[in-house]
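These notes are about the structure you will find just below.
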Amino acid sequence: MSKTAMLRNGAPWPVRWGLLNPWTWFSLSVMAVVLVPLLFIAIALLPGDDEMGVWAHIREYRLSEYVQTSILLCLGVSLIAGCIGVSTAWLVSMCSFPGRRVWEWALLLPLAVPAYIMAYTYTDLLDYGGPVQSALRSWFAWEHPDEYWFPAIRSLGGAMVMLGLVLYPYVYLTCRTAFLDQSVCVLEAGRTLGHGPWSCFWRIALPLARPAMVAGLALVMMETLADYGTVDYFAVDTLTLGIYRTYTNLESYAAASKLAAILLVVVAIVLIAERMSRGRRRYHHTTSRVRQLPRWQLRGWRAGLAVLACVLPLILGFVVPAAVLVRRAIRHGDIHWQETVGNLAFNSFQVSALAAVIAVTLALVVVYSARLVPTWLTFASRRVSGLGYAIPGVVIAVAIIIPLGWLDNFLVDVMRERMGWDVGLFLIGSIGAVVAAYVIRFMAVALGTLDAGLGRIAPSLDHAGRTLGAPPRRVLWSVHVPLMRGAVFTGLLLIFVDAMKELPATMILRPADFNTLAVRVHQLAKLEDLGQAAFPALMILAVGLLPVIVLSRLIATARSVEGVS
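Below you can see the structure in the form of structure tokens.
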């Protein structure tokens, strides 16, 4: 076989230089950008110097609390998100009741609300001085807090509810897709055997949808472990909060790195458990869903309960926080503060847009390299480059400090020796460090969308370009990118929105005089000044609506294509 032979059936381009192919090396370089910081975190687990006994103190007095609280928070949030997501997905997929087509996309709206903004608004609403408790004291003539009991919003239970209300759409999306894809024959057989909606759900649909449900819950757990704003505001001592406090308050990089390594182990356990839950079992259908299964018609009180089950998550997860923010913004906003918000918005848009463009560009080259040179190296690079999304932002922020510091010193030495320029460190404590953290964390989003988009392009187009003598770079930018512009736009949009909402990585790596909308909202909320935080929080919420709109349009398109009513 000639050296230009394909390494894999359907490979669109010959491998002219073997492992020296520049596409392979570029793909490996992107993998290194993601992998090297994680190696520094892994090294932190090795015995080493303990600055002023910080790690010994944390290990003896705080570590078990951090781990236990993180696990309890994950379990509680998963229970809430799982119950809401699975039940609503089943109702809108398999039942007919008033407003079903509206709830189908409206149930995604809580995705637009960051959990920390949810925490601020509900604290304003339910705290001792808030309107709810004030109204109760007025109605029942209570004068002191010891005269009545009211659940504490700033607690572990409160954090579970806040995170559960904003994260259930992950489970809803995966389970809804699984329910709609299930075989008509299986479900009709259940109906023929006398199973009603409840019995079919428990005995047939839910077991078949188990992989999708577990995948959604794994996403929920990873987002819970990555949360910083909610647990910080509620003073819930999780590993994420411990890492941030150790690095910023105790100024111990070594101890923070060890906590980050432990958090990575917990994330790895979640991912491994998700994979092991499937084991060797495979869930598939021997027949396809060639027609729509008639939905169960819910009437009377059953229809009312179905509407209530869909309305409550929407009201609690989106309408209430949005209404609180609007009320606060109208009552407490002023012209001077709105001018300041403009600067914050510019900072946020600047770093988010830059990170989105860089991440999508790198992801595009990685997925195209795997298509162009389908070796185990390029596929390994594709896998490893997508690990960042599973890693909490606070871990990435701590992980890249040492590599960036080394690179900073190297560049400073080169400029001094080669050019005679005596410049200071310009990567650490700059927006470049913030952008680097965003790219590492969110590149997986672009990899997923671009991989799917590139997979829909026939290899014959690559072969045609090769026949015409066009180099791979030209084929990529002139042929593939225009054809997959929808996937490119989706990747840019999703990364932009995620970066706008990112909090811990920004707070650790930002320059001293650089604030984003998310950072300033958190600072003001910590100062109990939700009135001034309301307008920038509304801007974050408005930006968060963009991917929800895209998802709702995709749902509507899928419905029209499949002829689903």
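Residues in the sequence shown are numbered consecutively from 230, following the numbering used here.
Beta carbons: idealized from backbone N, C-alpha and C, even for Gly.
Fair warning: this is a prediction, and the values are worked out from it, not measured in the lab.
Spell out the partners DSSP gives Ser325 in its beta bridges. By 1-based counting over the sequence shown, the position of residue 325 is 96. The partner list for Ser325 (beta bridge, DSSP) reads Gln526.
Does the beta-carbon of His373 have 16 or more other beta-carbons within 10 angstroms, so that it is buried, or is it exposed? Residue numbering aside, residue 373 sits at position 144 when the sequence shown is read from its first letter. Classification for His373: exposed.
Mind checking whether Gly393 and Ile309 have CB atoms under 8 Å apart? Position 164 of the sequence shown, counting from 1, holds the residue named residue 393. Position 80 of the sequence shown, counting from 1, holds the residue named residue 309. Closer than 8 Å, so yes.
With contact counted as at least three CB pairs below 8 Å, one residue from each stretch, are the stretch 721-732 and the stretch 667-682 in contact? Touching, per the Cβ criterion.
DSSP-derived helix/strand/coil call for Glu503: As a working mapping, residue 503 is identified with position 274 in the sequence shown. DSSP places Glu503 in helix when its eight states are reduced to three.
Expressed to the nearest angstrom, what Euclidean distance is found between the alpha-carbon atoms of Arg528 and Tyr462? Here residue 528 is taken as the residue at index 299 of the sequence shown, counted from 1. Here residue 462 is taken as the residue at index 233 of the sequence shown, counted from 1. Roughly 43 Å separates the two Cα atoms.
What's the call for Thr696, buried or exposed, on a 16-neighbour Cβ count within 10 Å? Within the sequence shown, residue 696 is the residue found at index 467, counting from 1. With fewer than 16 other Cβ atoms from the protein chains shown falling within 10 Å of its own Cβ, Thr696 counts as exposed.
What three-state label does DSSP hand Thr467 in the structure shown? Numbered from its first residue, the sequence shown carries residue 467 at position 238. Correct three-state label for Thr467: coil.
7 Å Cβ shell around Lys232 - same chain, five flanking residues per side excluded: Taking the sequence shown and counting its residues from 1, the one referred to as residue 232 is at position 3. Residue confidence is low: Lys232 scores 40 on pLDDT, short of 50, so the model does not pin down where it sits. No coordinate-derived value is stated.
Our contact map puts Ala798 next to Trp284 with C-beta atoms below 8 Å; I'd like the distance itself, whole angstroms only. Since the first and last residues shown for the chain are 230 and 794, residue 798 lies out of range.
Can you give me the C-alpha to C-alpha distance between Leu446 and Leu573, rounded to a whole angstrom? As a working mapping, residue 446 is identified with position 217 in the sequence shown. As a working mapping, residue 573 is identified with position 344 in the sequence shown. About 34 Å.
Indicate whether the contact test is met: 3 or more Cβ pairs, each with one atom in the stretch 617-636 and one in the stretch 702-714, closer than 8 Å. Contact annotation: the stretch 617-636 does not touch the stretch 702-714, with fewer than three C-beta pairs closer than 8 Å.
Out of curiosity, what's the CA-to-CA distance linking Pro380 and Thr317? Here residue 380 corresponds to residue number 151 of the sequence shown, with the count starting at 1. Here residue 317 corresponds to residue number 88 of the sequence shown, with the count starting at 1. Cα-Cα distance, rounded: 26 Å.
Hey, could you find the ends of the alpha helix (DSSP H) Thr453 is sitting in? Residue numbering aside, residue 453 sits at position 224 when the sequence shown is read from its first letter. Taken as a continuous stretch (DSSP letters only), the alpha helix (DSSP H) holding Thr453 covers Arg439 to Ala455.
Measuring CB to CB, does Ala716 end up less than 8 Å from Gly682? Translated into positions along the sequence shown, residue 716 becomes position 487. Translated into positions along the sequence shown, residue 682 becomes position 453. Result yes, Cβ atoms of Ala716 and Gly682 sit closer than 8 Å.
Beta-carbon spacing of Met391, Ser581 below 8 Å: As a first step, residue 391 must be located in the sequence shown, where it is residue number 162. As a first step, residue 581 must be located in the sequence shown, where it is residue number 352. In this structure, Ser581 does not lie closer than 8 Å to Met391 by Cβ.
Quick one: what does DSSP say Ser689 is sitting in, helix, strand or coil? Here residue 689 refers to the residue found at position 460 when the sequence shown is read from its first residue. Helix.
Start-to-end residues for the alpha helix (DSSP H) that takes in Ile620: Along the sequence shown, read from residue 1 onward, the residue named residue 620 stands at position 391. Element bounds for Ile620: n/a, residue is neither H nor E.
Have a look at Leu770, Ile559 and Thr459 and flag the residue whose alpha-carbon is nearest the alpha-carbon of Val306. As a first step, residue 306 must be located in the sequence shown, where it is residue number 77. Nearest C-alpha to Val306 among Leu770, Ile559 and Thr459: Thr459.
Mapping the DSSP letters down to three states, classify Ser367 as helix, strand or coil. Here residue 367 refers to the residue found at position 138 when the sequence shown is read from its first residue. Helix, per DSSP.
Ala741, DSSP secondary structure in three states: Position 512 of the sequence shown, counting from 1, holds the residue named residue 741. The answer is coil: DSSP assigns Ala741 none of H, G, I, E or B.
Can you grab the Cα-Cα spacing for the pair Gly677 / Val613, in whole Å? Within the sequence shown, the letter at position 448 stands for residue 677. Within the sequence shown, the letter at position 384 stands for residue 613. Between the alpha carbons of Gly677 and Val613 lies a gap of roughly 13 Å.
Tell me the residue span of the alpha helix (DSSP H) that contains Trp706. For the purposes of this step, residue 706 is identified with residue 477 of the sequence shown, where counting begins at 1. According to the DSSP assignment, Trp706 belongs to no alpha helix (DSSP H), since it is labelled neither H nor E.
For the alpha helix (DSSP H) that Met672 lies in, which residues bound it at each end? If you number the sequence shown from 1, residue 672 lands on position 443. Met672: member of the alpha helix (DSSP H) spanning Ile660 to Gly684, first to last residue.
Can you give the Cα-Cα distance for Val553 and Thr350, rounded to whole angstroms? Along the sequence shown, read from residue 1 onward, the residue named residue 553 stands at position 324. Along the sequence shown, read from residue 1 onward, the residue named residue 350 stands at position 121. In a straight line, the C-alpha of Val553 is about 6 Å away from that of Thr350.
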